[in-house]
Structure formats: structure tokens, C-alpha cells
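As C-alpha cells, the structure follows; a few thoughts come after it.
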Amino acid sequence: FEIGVELLARNKTKHARRMFEEAVELNPLHLGSYINLSVIHYYEKDYEKALSYAIEAFDFLPSAESLYDDLFAYVYCLLARAYAKNNQYDVAITYIEKAILGCKNNKAVYCYERAKIHAWAGNTRDFLGTLYSAIKENPQYLATALIDSNFQAYKNEVEQLATSAKKALERRINSSIYQMRAIRIPS
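Residue numbers (the numbering used here): -4 to 182.
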């Protein structure tokens, strides 16, 4: 498994896939191997296999979900991506919503993923609302959305949203600065 992780980090996906497959043969309950196989197949655009491995990973998650919130969220996200790439958008949205609700960290990442799924499905209103939520959670998505190829069909809408979000962020910053100026520290 560790060799597979190292190979994956070096972008040697073909060899990494073989290592993870061997790890699964040696230990059919090896959660990390299923997760990594799902990721590899997703990026190789073999979405059915990606979905199959994500489902396997989900089956092997520990039963105490609250102890592993971020791990559950990640696997839910893998499932959402794979279902979306198999044009099962409603199921994908269900899983990405579970990822958002279940994660303790990085909600913006999963909101951004939800925006991509809505964009792929052609749900303009939901896509823009979700993208705005991602930008509110993490302003770095303001710039990311402008160059993301997943949103090219919505270029004008994304530019308008970015302008609106930028103005809202500026207002928040200016308000914070104003409040900080009002603070008096006794001497």
C-alpha cells in the first residue's frame, strides 16, 4: 500500500494501481486501497470502476461515523464524483450533500464540488448559489472559479457572481477594519 501511495505521489498511476490492487488481494478489507483505486480510475476517466471502488470503500468504512467525519466526507465525495460522471446527478447531489453535512473541515471543498456537479447537470441556479457558498467559505474559490474549465459554459454568470462576491468580501473587510478602529485599548 505504501509503495502505491508513493507511486501515486510521483504520478505513476499505472504502477500505483497495480500496488493498490495487490494490497486488496492481500487484504480485501484495506480501505485506503479502495479509496486510491477509486481516485485513480476517476482521473483515468473510467467512471464505472471509480464508482465501484468508491462503493467498496464506503462498505469498509468504520461503523462509528462520527469518529471519522472527514474520512466519510471524502468517500461521499468520491461517490458523488463517480455518480456525476455516470450522469446520475441526483444521486451525486445526495452524496455530496452528505459530504458537506458530515465534514468538520474543508466544507468549502465539498461546496465547490457540489457547484461542479450542478454545472455538469445544467442546474444554473443551484450551481451559482452553491458556488457563491463555496466562495463565502473560502475566498480562494473566487479566482479558481474564473479559470475552472467545468464552468466555461457559464463564463458570464461566473464573472458576474465573482464581481458580486468580491464586493461582498470588500464590504466585510471594510466593516472589520472599521470595527477594529473603534476598539480602544486602555493604557
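Here a beta-carbon is modelled for each residue, glycine too, at the ideal position from N, C-alpha and C.
Whether residue i touches residue j by CB criterion (8 angstroms)
i     : j      : result
Thr89 : Ala110 : no
Ile30 : Leu96  : no
Ala75 : Ala103 : no
Ala45 : Ala77  : yes
Phe55 : Leu26  : yes
Distance between residue j and residue i (C-alpha atoms, nearest Å)
i      : j       : result
Lys40  : Pro134  : 29 angstroms
Arg167 : Ala140  : 20 angstroms
Tyr107 : Ser28   : 25 angstroms
Asp143 : Leu137  : 10 angstroms
Ala79  : Glu43   : 11 angstroms
Leu66  : Phe122  : 25 angstroms
Glu20  : Gly(-1) : 14 angstroms
Phe146 : Pro181  : 51 angstroms
Ile50  : Leu32   : 11 angstroms
Arg12  : Ala52   : 15 angstroms
Gln155 : Cys98   : 29 angstroms
Ala163 : Asn151  : 18 angstroms
Ser47  : Glu1    : 23 angstroms
Ala114 : Met14   : 35 angstroms
Neighbour-count burial assignment, residue i, 16 or more Cβ in a 10 Å radius
i      : result
Ile35  : buried
Ile178 : exposed
Met175 : exposed
Ala213 : The structure shown does not extend to residue 213, since the chain spans only -4 to 182, so no value can be given for it.
Tyr127 : buried
Tyr173 : exposed
Leu62  : Interpretation of Leu62 is limited by its pLDDT of 48, a score under 50 that renders its predicted location unreliable; the figure taken from the coordinates is listed afterwards. Leu62 comes out exposed.
Leu24  : exposed
Ser170 : exposed
Tyr105 : buried
Tyr38  : exposed
8 angstroms contact criterion, which residue i and residue j should meet: CB distance rounded
i      : j      : result
Tyr149 : Thr119 : 7 angstroms
Gln112 : Tyr84  : According to the sequence provided, residue 112 is Ile. The question's Gln does not apply to it. That belief holds up - the Cβ atoms of Ile112 and Tyr84 are roughly 6 angstroms apart, short of 8 angstroms.
Ala160 : Ile130 : 5 angstroms
CB contact check: residue i to chain B, cutoff 8 angstroms
i     : result
Ile91 : The structure shown contains no chain B, having only a single protein chain.
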